[in-house]
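Taking it in order: structure first as structure tokens, then the write-up.
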Amino acid sequence: MRSVTISSSNDLMKIKVTARHISYRTLFHTIIILAFLQPFLFILTALVTLEDCLGRHLGPKLLRRGDDSGWVVKDLYNILNQVKTEQVPVDLKIPDNFTQIVSEIKSNTYSAKDFAIILKGMMERSEREIRESKLQELMNKHFAASLVPKGIHCLSLRLADEYSSNAHARRQLPLPELLPLLSDNSYYHFILSTDNILAASVVVTSAVQSSQTPEKIVFHVITDKKTYAGMHSWFALNPISPAIIEVKGVHQFDWLTRDNVPLFPNLDKVVFLDDDVVIQRDLSPLWEIDLNGKVNGAVETCKGEDSWVMSKRFRNYFNFSHPLVAKSLDPNECAWAYGMNIFDFRAWRKTNIRETYHAWLKENLRSNLTLWKLGTLPPALIAFRGHVQPIEPSWHMLGLGYQKNTSIENGCDNDMRCSNFFNTEARNQPELQCSSSNGSSADQCITGTSGHNHIYEMGRRLNHRLGRSNRKRKV
């Protein structure tokens with residue numbers, strides 16, 4: 001190296017260039033320092049270059065780059081995503097609880113993928129157990145609701161015995177001269193499907209007594225084979241004049257099969273009634289409601305002040321975790337009520353409602369009954385989609401069986417006395433309450449609701465007559 005010296009005197013500038021020598025000692029120290037730093041520079045360069053391989057594990061500690069939990073979560077997500085489509089081996093031993101899985105990990109060496117498969121197996125087993133538990137709960141509720149209380153069962157047996165021994169109990173319903181009226185569309189036709197004799201009596205009697213034109217009422221009571229004799233005896237021995245009542249068992253319909261349930265071929269419009277309703281007012285205006293080409297006139301159950309009864313949407317009935325349900329239905333779609341429905345058979349015959357209904361029933365069977373809650377309403381909600389005309393809620397008061405504090409004596413502001421009829425629903429049905437009490441006889445159960453004490457008197461007379469005829473046969 002060289003040094004430059006500049007000096008000036010008497011306006012003259014002198015430049016002197018001389019060589020500058022670096023000592024061997026300085027050069028030696030410089031080499032020593034570079035040799036010492038070289039490994040660290042190499043390691044630092046390697047860590048930065050191989051970030052994906054080493055940076056996640058060594059980088060945060062050596063380079064003071066902070067917590068590496070984010071990388072761990074990302075790794076775990078990638079591993080779980082890899083096993084998402086893989087099947088859990090049938091013979092894989094799955095731990096029963098958290099303590100057991102910790103013990104298994106401590107005593108065995110698992111790869112990350114093996115651990116992910118074990119977690120998947122535990123989750124699938126838990127989901128399966130929860131699904132089976134929910135199904136069992138629904139089945140138990142369904143069976144409990146389907147059971148016939150002892151008092152009602154005994155009444156049915158006594159009426160069936162009367163049918164076999166009393167010619168009056170077997171008389172034709174309706175009388176032969178009234179048969180043409182069963183298909184006369186100028187009359188008001190009601191369809192009631194039930195195996196509960198007491199409930200059928202309440203529905204029919206309250207409808208007739210509340211009607212302004214009872215002579216124009218035709219009831220088509222449909223029951224099962226085991227209840228037919230008792231149901232026929234009841235209405236044969238206790239005619240509810242002037243209404244026309246037909247009682248038929250499903251076994252008497254030649255055209256009725258599992259997959260073929262045709263409509264009444266000669267009727268245009270009917271009102272379907274459930275067996276847990278009591279009519280309070282004349283229902284003939286129902287036939288004047290314009291359904292606008294729709295098939296089913298019903299009260300919607302997603303609008304109203306009652307947060308329990310009037311808040312029902314599809315999400316309350318269907319399992320939207322199932323891919324088919326999630327793809328086909330809208331969880332926020334409004335549901336509607338069974339119990340009082342106006343059916344336009346002329347419009348119905350132009351649709352594929354029946355085919356849609358049976359297709360979804362079969363799909364539910366293939367899915368191990370996991371598409372919806374047990375009951376007849378969910379598949380009907382699907383089949384009638386796009387075919388429902390909402391009607392005024394005042395026609396149908398719902399949820400009385402769930403509202404213990406509801407009083408029939410309240411004024412119109414509380415809507416019971418303003419409703420055309422109310423639905424007692426499940427838990428608090430009067431005929432079930434009295435039938436479940438110890439030692440209740442049949443006539444004690446036929447109490448009806450307020451304003452229908454005639455049912456009690458009817459039952460008392462009938463039981464007296466049954467007891468008298470039984471004593472005569474014993475003699």
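Numbering-wise (this note's numbering), the sequence shown opens with residue 1 and increments by one. Using N, Cα and C, we set each Cβ at its ideal position, and we do this for glycine too.
Legend entry - As assigned by DSSP and simplified to three states, the class of E137: To locate residue 137, count along the sequence shown from 1; it is residue 137. Here E137 sits in helix by DSSP.
Inset, instruction - Tell me whether N410 is buried or exposed, calling it buried when 16 or more other Cβ atoms sit within 10 Å of its Cβ. - result: Position 410 of the sequence shown, counted from the start, is the residue given in the question as residue 410. For N410, the predicted structure reports a pLDDT of 43, less than 50, and the residue's modelled location is therefore unreliable. The matter cannot be settled from this model.
Inset, instruction - From the DSSP output, in three-state form, read off G121 for me. - result: Reading the sequence shown from its first residue, position 121 is the one you call residue 121. Of the three classes helix, strand and coil, the one that applies to G121 here is helix, per DSSP.
Inset, instruction - Along the beta strand (DSSP E) that carries A335, what are the first and last residues, could you check? - result: Taking the first residue of the sequence shown as 1, we reach residue 335 at position 335. Looking at the DSSP string, A335 is not in any beta strand (DSSP E), and its letter there is neither H nor E.
Inset, instruction - Assign I289 to one of three DSSP states: helix, strand, or coil. - result: To locate residue 289, count along the sequence shown from 1; it is residue 289. Coil, per DSSP.
Inset, instruction - Would you check if there are 3 or more beta carbon pairs closer than 8 Å linking the stretch 126-145 to the stretch 366-377? - result: yes
Inset, instruction - Return helix, strand or coil for T30, following the three-state DSSP convention. - result: What you label residue 30 is simply residue 30 of the sequence shown in a count that begins at 1. It is helical.
Legend entry - Supposed contact pair L283 and S211 - C-beta distance, whole angstroms, cut 8 Å: Numbered from 1 along the sequence shown, position 211 holds the residue referred to as residue 211. Numbered from 1 along the sequence shown, position 283 holds the residue referred to as residue 283. Yes, they are in contact, since the Cβ atoms of S211 and L283 sit about 7 Å apart, within 8 Å.
Legend entry - Three-state class that DSSP yields for E267 in the structure shown: Here residue 267 is taken as the residue at index 267 of the sequence shown, counted from 1. Contrary to the premise, residue 267 reads as Leu rather than Glu in this sequence. Correct three-state label for L267: coil.
Legend entry - Continuous alpha helix (DSSP H) stretch holding V102: start and end: Here the question's residue 102 lines up with position 102 in the sequence shown. Segment F98 to S107, the alpha helix (DSSP H) holding V102.
Legend entry - Simplified DSSP assignment, three categories, for L179: As a first step, residue 179 must be located in the sequence shown, where it is residue number 179. Note: L179 maps to helix in three-state DSSP.
Legend entry - Buried or exposed (CB count within 10 angstroms, at least 16 for buried), G451: Sequence index remark: in the sequence shown, residue 451 carries index 451 (1-based). Residue confidence for G451 is low, a pLDDT of 34 falling below 50, so the modelled location carries little weight and cannot support an answer.
Legend entry - Distance CB(L181)-CB(H232) smaller than 8 Å: Residue numbering aside, residue 181 sits at position 181 when the sequence shown is read from its first letter. Residue numbering aside, residue 232 sits at position 232 when the sequence shown is read from its first letter. Contact flag unset, no.
Legend entry - Burial state of P331 (16 or more Cβ within 10 Å): Position 331 of the sequence shown, counted from the first residue, corresponds to residue 331. Result: exposed.
Inset, instruction - Measure how close the beta-carbons of E363 and L369 come, nearest whole angstrom, since I'm counting them as under 8 Å. - result: In the sequence shown, the residue the question calls residue 363 occupies position 363. In the sequence shown, the residue the question calls residue 369 occupies position 369. Going by Cβ atoms, the distance from E363 to L369 rounds to 11 Å, so no, they are not a contact pair.
Legend entry - Spatial distance of R170 from L159 (CA atoms): As a position in the sequence shown, residue 170 is number 170, starting the count at 1. As a position in the sequence shown, residue 159 is number 159, starting the count at 1. The straight-line gap from Cα to Cα measures roughly 11 Å.
Legend entry - Own chain, CB closer than 7 Å to E457, minus 5 neighbours either side, in chain order: Residue mapping note: residue 457 aligns to position 457 of the sequence shown, counting from 1. Bear in mind that the predicted position of E457 carries a pLDDT of just 47, short of 50, making it unreliable; the figure below should be weighed with that in mind. Result list for E457: empty, nothing under 7 Å.
Inset, instruction - Would you kindly report the start and end of the unbroken beta strand (DSSP E) that includes I521? - result: Past the boundaries of the shown model lies residue 521; the chain is included only from 1 to 475, so the question cannot be answered.
Inset, instruction - In angstroms with no decimal places, state the Cα-to-Cα distance between L76 and S133. - result: In the sequence shown, the residue the question calls residue 76 occupies position 76. In the sequence shown, the residue the question calls residue 133 occupies position 133. L76 and S133: Cα-Cα distance of roughly 31 Å.
Inset, instruction - Please say whether V221 and L178 have beta carbons closer to each other than 8 Å? - result: For this step, residue 178 is matched to residue 178 along the sequence shown. For this step, residue 221 is matched to residue 221 along the sequence shown. For L178 and V221, no; Cβs fall outside 8 Å.
Inset, instruction - In the DSSP assignment, find the unbroken beta strand (DSSP E) run with T223 in it and report its ends. - result: As a working mapping, residue 223 is identified with position 223 in the sequence shown. Its beta strand (DSSP E) spans residues I217 to T223.
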